[in-house]
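K.L.:
Here's a structure for you.
Protein chains in written order, with our numbering: chain A, 400 to 571; chain B, 2 to 258.
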């Protein structure tokens, strides 16, 4: 069995005490939240935004710095490579020059030694010929005087005889 | 058990919303008034302590309070109002938290009474919303230009003003505040009544015959299901109330609506 309750009050009619209480309660909450809560949260949000922005800027700066260092490193590496190439080229040229110089010096030395040797040989040969000629002349004269018995005092005649004798020897 | 005295099931009605209070000054006080002030205390203390030492790296408490604030600030402020939103965030924040907590009181064990089912409170909030958005509109555009903007919507043939002007006036000065208040009130009132029906009905069936005793748990189960549904409605209504207020403020700020 269902009995509908008698309507004791119209639910759409406001109560003055509740209107006043609601206004006070809402205003109170608004004042507290506005003055105490919102500024603190906003401050934290601002700081957070700044922290994030600062972090990004710092990272960007670090990246820029790293890029600069890399550029510098690459540049100095390239410089060093060029320098090394240049030095190597120089050394090679220098080496070639030294070898050339040494070769020239050696050649010169060899030429000098050769010419000195041939001069000495020529001199010795001349001396030998001279002494041989005198010796042979004396021997031949002595031999001839002994054989012929004829004293050949005259120096000029003696030498002429020797020369003739020698040229005859050479021609034979 | 008031129904037993009358020998039948008494459907819960409007009188169930006017409960006797401890102090007995029934003409001045009501459970709703106590709950309203209790909610102010709860919200105030919670946000005071969660924001007191607000830092860049939030604590758990700060994070909890900050999430609610950031939600209102972004979703109900910035996204709807635009670049001037920050001035209105405290108002929207108060509105949202106040309505939300008082709504949720409807399903909190031992409290179980939505403050907003007493129509006076939605009226108060709607009046605040009404005053704020009209005040902003008048201050922004001047009284004459503001009223002219409402009465004579630009870009409309003159003949249509016969039809449009009364509609627009009614919209701005009657429909908006009344629907704002009644939507919230009716949702909370109906939701509470619904829970009362199933809980009192389950209780009544439990004291009946064997068939009624079997049926009783179903009534209680449905009451529990409806409680969760009520939570959804309560949150949604708090959101809608604040959302509409923010939209009205945005409309008043815009040069033409």
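Backbone N, C-alpha and C define an ideal beta-carbon position, used for all residues, glycine too. Keep in mind that this is a model prediction, so the values were computed, not measured.
Alpha carbons only, please: which of 198/B, 182/B and 90/B is nearest the one belonging to residue 14/B?
P.N.:
Walking along the second chain from the start, residue 14/B turns up at place 13. It is 198/B whose Cα lies nearest to the Cα of residue 14/B.
K.L.:
Helix, strand or coil for residue 157/B? Go by DSSP, reduced to three states.
P.N.:
Indexing the second chain from 1 puts residue 157/B at position 156. In this structure, residue 157/B counts as coil in the three-state DSSP scheme.
K.L.:
So, does the segment 96-108 of chain B touch the segment 185-199 of chain B, judging by three or more C-beta pairs under 8 angstroms?
P.N.:
The segment 96-108 of chain B is in contact with the segment 185-199 of chain B.
K.L.:
Return no unless some Cβ of chain A is closer than 8 angstroms to the Cβ of residue 159/B.
P.N.:
Along the second chain, read from residue 1 onward, the residue named residue 159/B stands at position 158. Judged by the 8 angstroms Cβ criterion, residue 159/B is not in contact with chain A.
K.L.:
Cβ atoms of residue 103/B and residue 187/B: under 8 angstroms apart, would you say?
P.N.:
Position 186 of the second chain, counted from the start, is the residue given in the question as residue 187/B. Position 102 of the second chain, counted from the start, is the residue given in the question as residue 103/B. Contact flag unset, no.
K.L.:
Can you name the residues of chain A whose CB is closer than 7 angstroms to the CB of residue 108/B?
P.N.:
Here residue 108/B corresponds to residue number 107 of the second chain, with the count starting at 1. By Cβ distance, chain A contributes nothing, its closest Cβ being about 20 angstroms from residue 108/B, past 7 angstroms.
K.L.:
What are the residues in the segment 168-181 of chain B lying within 7 angstroms of chain A by C-beta distance?
P.N.:
Listed by position along the chain: nothing, the set is empty.
K.L.:
Suppose the cutoff is 6 angstroms on Cβ atoms and the five residues either side in sequence are ignored; what does the same chain contact list for residue 100/B look like?
P.N.:
Translated into positions along the second chain, residue 100/B becomes position 99. Within the same chain, residue 100/B has close Cβ partners 239 and 242.
K.L.:
Less than 8 angstroms between C-beta atoms, sequence neighbours within five positions excluded: which residues of the same chain meet that for residue 244/B?
P.N.:
Start at 1 with the first residue of the second chain, and residue 244/B comes out as number 243. Around residue 244/B: 77 and 81.
K.L.:
Verify whether the separation of the beta carbon atoms of residue 41/B and residue 412/A is less than 8 angstroms.
P.N.:
Position 40 of the second chain, counted from the first residue, corresponds to residue 41/B. Position 13 of the first chain, counted from the first residue, corresponds to residue 412/A. For residue 41/B and residue 412/A, no; Cβs fall outside 8 angstroms.
K.L.:
Hey, is the segment 86-100 of chain B in contact with the segment 66-74 of chain B, meaning 3+ C-beta pairs nearer than 8 angstroms?
P.N.:
Cβ pair count under 8 angstroms is three or more, so yes.
K.L.:
Any beta-carbon of chain A closer than 8 angstroms to the one on residue 2/B?
P.N.:
Along the second chain, read from residue 1 onward, the residue named residue 2/B stands at position 1. Model confidence at residue 2/B stands at a pLDDT of 40, short of 50, so the residue's coordinates are unreliable and nothing is read from them.
K.L.:
I want to verify the contact list: residues of chain A whose CB lies under 7 angstroms from the CB of residue 119/B, in sequence order.
P.N.:
As a working note, residue 119/B is residue 118 in the second chain. Within chain A, the residues near residue 119/B are 417.
K.L.:
Measuring alpha carbon to alpha carbon, tell me which of 174/B, 156/B, 43/B and 164/B ends up nearest residue 138/B.
P.N.:
Locating residue 138/B in the second chain gives position 137, counting from the first residue. Cα-wise, what sits closest to residue 138/B is 174/B.
K.L.:
Need the endpoints of the alpha helix (DSSP H) that residue 15/B sits in, please.
P.N.:
On the second chain, position 14 is the one that residue 15/B refers to. Residue 15/B -> no alpha helix (DSSP H), and no H or E assigned at all.
K.L.:
Would you decide whether residue 171/B is buried or exposed? Buried here means 16 or more other CB atoms lie within 10 Å of its CB.
P.N.:
The residue you call residue 171/B lines up with position 170 of the second chain. Exposed, because fewer than 16 other Cβ atoms sit within 10 Å of the Cβ of residue 171/B.
K.L.:
Should residue 189/B be labelled buried (16 or more other beta-carbon atoms within 10 Å of its own) or exposed?
P.N.:
Taking the second chain and counting its residues from 1, one reaches residue 189/B at position 188. Flag for residue 189/B reads buried.
K.L.:
Under 8 angstroms: do the segment 427-440 of chain A and the segment 49-61 of chain B share three or more Cβ pairs, one atom per stretch?
P.N.:
Yes, they touch.
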